[in-house]
Amino acid sequence: MSLFLEYVKIKIKDFFSYRFTLFLFLLIDIIYIISLSVPFLIIYSATEGFPNWNIYELFFFTTTGIITSTLIFTFAIVIGLDITDKIKDGSFDLLLLKPVNIYYHMLIQSLDLRNFFPDFPLFLIILIILYPLVGILFSWINLFYFILIIFISCLIFIGFSGIFISFSFFVPHFDSFWDLFFSFREISRKPIDIYKNKFIVLFLTFVFPFALWNYYPASILMGKIDTSIVPSLVLMAIIFLAIGFFSLKYGLKHYKSANG
Amino acid sequence: MNYFFAFIKQSFKESTKSRVVFFINIFGKIIFFIINFYLWQAIFNYDGRGVINGLTMEETINYMLFVSIMYGLLSTNIHRIVMKDVKNGYINIKLLRPLDYGLGHLAMALGQNIYSFFLEIIPSLIIAIFFFNFKIYGIFYFLLSFISFFLAIILNFFIDLNFSLINFKFIDTYSAVNFAKSVFKSLFSGEIVPLNFFPQIMQQIFKFLPTTYLFYTPIMIYLGKLSGADIILSFIFQLIFIIFFYAIYKFFWKMLTKSFEGVGV
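Going line by line, the protein sequences match chains S and V. Take 511 as the starting number for the first sequence in my numbering and just add one per residue. Take 8 as the starting number for the second sequence in my numbering and just add one per residue.
Shown next, in the form of structure tokens:
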């Protein structure tokens, strides 16, 4: 653990030493906010908007999604993508040579804090600013569920990354499937209840659970849905993590270093 | 010209190697069909008006479906290629080729697009017609919209190529510039929301922006919303913008390659 913290410390120090990079990332974040909010503003100025969602609620929903995505990208997806690349170009073998636990080694080698800073603190501030505008009645229990669902979605996507990495051991050019995976994310950029389609709702909740990034945490905090779904989400996190871990273990065991 | 076609042929052949990618892309398109189909249905039903800013629900859904179908053709990876060439110094080898750098890559992009037209566009068009009620508003308008899309592909390529040249001078800042350009392009080309939904004053400005001619104009032709004279005028505008961006590219290319040392970064 101390080694890991030391590593994170170096990464943070390294990141902040390049002030221009930090400025650049802030600039990208501002452009990102524009790209997400302008279409909503245009739709809401020309029409009545989305059923049951006002514009502030929609911004709150979107910002929740960004906060969750910074965590998931940092601790799951970027690591998964990096290892998939390493398997593809053969540099994964270098990880196997060092006398360190392989899972631990994969984590610290591929951890990239650029997805975390400055996005996470910046969007957290935006979320706090939006909070009174949405008119949410504060409740500790809802706040707890809000944080819990974000945490659950992180665990689920860590499991997903494990599954995807293990596939990369056997299927050459598996990286194309990541693109497909991200396509599903596009559906969840809007609140899933507006689709009025049960299949889409179930699919984005239990199969590719991108709705956990934004819809469920934001809706529970805003009191739009009740908390009865939470136990099934906890169970899902356990299942996905277990599948991810065992498939990764299986993949490592059968890795032949022959991809490319 | 022979070299240009040789490049198209080579790129077409190379594309045939990665068939799986095209199937994945079709699957991705189906997802976007679902999003747009249900999303715009919900917006129109909730709004209650039959026509919003000159578009009916059916037209808006078909507009967005057509965007999803054609999306792949209007996205290039030229910025990544240029970045790689500059960073690794590959550009030296490419300068020795008998065809201009930009035209060579345009030919490669067209070769890839021809392949994805058959393997990606046609199948997704069939899926859209049978499962999402995608309507063809007249075969003549439909064909004209494809001509407009062809010009849009070339225009889009030269816009992207010009921005990619920033790599020669500012390789580290390029990601931010490229992201800003992509956002600007997707917002003002009618890719995310039809331009009819923007305020009237902005719609007037859009007429003079090259981005309007990427998605909005070809799809307006497909919907039969443009008169014969307007269609001809839109083709002329597309050609003018292509020539304009090609001239800018030639100017900067000459300037940059003069001072480029080619050692890589």
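Heads up, the beta-carbon is just placed ideally off N, CA and C, and yes, glycines get one too. Bear in mind that the values here come from a model prediction, so they are computed numbers and not experimental data.
What residues of chain V sit near residue i, judged by a beta carbon separation below 7 Å?
{"i": "S/E567", "result": "By Cβ distance, chain V contributes nothing, its closest Cβ being about 14 Å from S/E567, past 7 Å."}
{"i": "S/N724", "result": "Result: empty, since nearest Cβ-Cβ is about 15 Å, beyond 7 Å."}
{"i": "S/L537", "result": "A183"}
{"i": "S/K700", "result": "L46"}
Per DSSP, which one or two residues make a beta bridge with residue i?
{"i": "V/L62", "result": "V/I59"}
Check the Cβ of residue i against every Cβ in chain V and list those closer than 9 Å, keeping chain order.
{"i": "S/D689", "result": "V28, I31, N32 and G35"}
{"i": "S/E696", "result": "G35, I38, F39 and I42"}
{"i": "S/P561", "result": "A49, I50, N52 and Y53"}
{"i": "S/I704", "result": "Y45, L46, A49, I50 and Y53"}
{"i": "S/N564", "result": "Near S/N564 there are no residues of chain V at all, since even the closest Cβ is about 12 Å away, more than 9 Å."}
{"i": "S/N625", "result": "Here the premise fails: no neighbours, minimum Cβ distance about 13 Å."}
{"i": "S/N707", "result": "I41 and Y45"}
Closer than 7 Å by beta-carbon distance: list the chain S residues that pair up with residue i, in chain order.
{"i": "V/L81", "result": "Here the premise fails: no neighbours, minimum Cβ distance about 17 Å."}
{"i": "V/D54", "result": "T557 and E558"}
{"i": "V/A187", "result": "I541"}
Closer than 7 Å by C-beta to residue i: which residues in its own chain qualify, once you throw out the five before and the five after it? Chain order, please.
{"i": "V/F29", "result": "S123, L126 and E127"}
{"i": "V/P225", "result": "S152, S155, F156 and A159"}
{"i": "V/V184", "result": "F170 and I173"}
{"i": "S/F716", "result": "M746"}
{"i": "V/I73", "result": "For the sequence presented, residue 73 of chain V should be read as Phe rather than Ile. So the qualifying residues of the chain are I226 and Y229."}
{"i": "S/L758", "result": "G672, I675 and S676"}
{"i": "V/F244", "result": "Y220"}
{"i": "S/F626", "result": "T580 and T584"}
{"i": "V/F149", "result": "I143 and Y229"}
Residue i touches chain S at which residues, Cβ-Cβ below 8 Å?
{"i": "V/N60", "result": "A556"}
{"i": "V/L113", "result": "By Cβ distance, chain S contributes nothing, its closest Cβ being about 24 Å from V/L113, past 8 Å."}
{"i": "V/A236", "result": "The contacting residues do not exist; V/A236 stays about 27 Å from chain S at best."}
{"i": "V/F73", "result": "By Cβ distance, chain S contributes nothing, its closest Cβ being about 17 Å from V/F73, past 8 Å."}
Between which residues of its own chain and residue i is the CB-CB distance below 6 Å, once the five residues before and five after are set aside?
{"i": "V/G118", "result": "I15, S18 and F19"}
{"i": "S/F630", "result": "T580"}
{"i": "V/L80", "result": "N120 and I160"}
{"i": "S/F602", "result": "K596"}
{"i": "S/L643", "result": "Y566"}
{"i": "S/L546", "result": "T572"}
{"i": "S/L751", "result": "L665 and G669"}
{"i": "S/G754", "result": "G669, G672 and I673"}
{"i": "S/G770", "result": "In this prediction, S/G770 has a pLDDT of 46, which is less than 50 and means its spatial position is unreliable; what the coordinates show is noted afterwards. Counting only Cβ-Cβ distances below 6 Å, and skipping sequence neighbours, we find nothing."}
Using a Cβ-Cβ cutoff of less than 8 Å, which residues in the same chain neighbour residue i once the five nearest sequence positions on both sides are dropped?
{"i": "S/L536", "result": "P628 and L632"}
{"i": "V/Y253", "result": "G109 and F165"}
{"i": "V/L246", "result": "L158"}
{"i": "S/V711", "result": "I702, D703, Y705 and A721"}
{"i": "V/T219", "result": "F195, S196, G197, L202 and F213"}
{"i": "V/I249", "result": "L158, I161, L162 and F165"}
{"i": "S/L551", "result": "I565"}
{"i": "S/A586", "result": "C664, F667, I668, F670 and S671"}
List the residues of chain V whose Cβ lies closer than 8 Å to the Cβ of residue i, in chain order.
{"i": "S/I597", "result": "Going along chain V, no residue has its Cβ under 8 Å from S/I597, so there is no contact; the nearest lies around 17 Å."}
{"i": "S/S693", "result": "F34, G35, I38 and F39"}
{"i": "S/I710", "result": "I41 and Y45"}
{"i": "S/K734", "result": "Near S/K734 there are no residues of chain V at all, since even the closest Cβ is about 16 Å away, more than 8 Å."}
How close, in whole Å, do the beta carbons of residue i and residue j come, if the pair is a contact with beta carbons under 8 Å?
{"i": "S/S671", "j": "S/I589", "result": "6 Å"}
{"i": "V/S182", "j": "V/F222", "result": "Contact flag wrong, Cβ pair sits at about 24 Å."}
{"i": "S/T578", "j": "S/S663", "result": "6 Å"}
{"i": "S/I735", "j": "S/S742", "result": "Wrong, their Cβ atoms sit about 13 Å apart, outside the cutoff."}
{"i": "V/D48", "j": "V/M71", "result": "The sequence as given places Gln at residue 48 of chain V; Asp does not occur at that position. Not really, about 11 Å apart at Cβ, beyond 8 Å."}
{"i": "V/I38", "j": "S/E558", "result": "Not quite, the Cβ-Cβ distance comes to about 26 Å (not below 8 Å), so this is no contact."}
{"i": "S/L606", "j": "S/I612", "result": "7 Å"}
{"i": "S/L690", "j": "V/F34", "result": "6 Å"}
{"i": "V/A116", "j": "V/I76", "result": "At roughly 18 Å, the Cβ-Cβ gap does not stay under 8 Å, so V/A116 and V/I76 are not in contact."}
{"i": "S/I771", "j": "V/I50", "result": "Outside the shown range of chain S (511 to 770) lies residue 771 of chain S, about which nothing can therefore be said."}
Can you name the residues of chain S whose CB is closer than 9 Å to the CB of residue i?
{"i": "V/I1", "result": "Missing from the structure shown is residue 1 of chain V; chain V here goes from 8 to 272 and no further."}
{"i": "V/A135", "result": "Those within 9 Å of V/A135 in chain S number zero; the least Cβ separation is about 16 Å."}
{"i": "V/L194", "result": "I544, S545, V548, P549 and I552"}
{"i": "V/V190", "result": "I541, Y542, I544, S545 and V548"}
{"i": "V/F205", "result": "I552, S555 and A556"}
Does the ligand NAD have a heavy atom nearer than 7 Å to the CB of residue i?
{"i": "V/S241", "result": "By its list of ligands, the structure shown contains no ligand whatsoever, and the ligand NAD lies outside what it can speak to."}
**Request:** Only counting runs of 4 or more residues, tell me where the alpha helix (DSSP H) segments fall wholly within the region 107-132 of chain V, in order along the chain.
**Result:** Within the region 107-132 of chain V, complete alpha helix (DSSP H) segments of at least 4 residues are found at 108-123, given in chain order.
**Asked** Quick one: complete alpha helix (DSSP H) runs, 4+ long, within the region 666-702 of chain S?
**Response** DSSP runs (the alpha helix (DSSP H)) wholly in the region 666-702 of chain S: 686-697.
**Asked** Taking the runs of the beta strand (DSSP E) that are 3 residues or longer, which of them lie wholly in the region 555-640 of chain S?
**Response** Runs of the beta strand (DSSP E) lying entirely within the region 555-640 of chain S and spanning at least 3 residues: none are present.
**Complete alpha helix (DSSP H) runs within the region 171-210 of chain V (minimum length 4 residues, chain order)** = Within the region 171-210 of chain V, the complete alpha helix (DSSP H) runs of at least 4 residues are 181-195.
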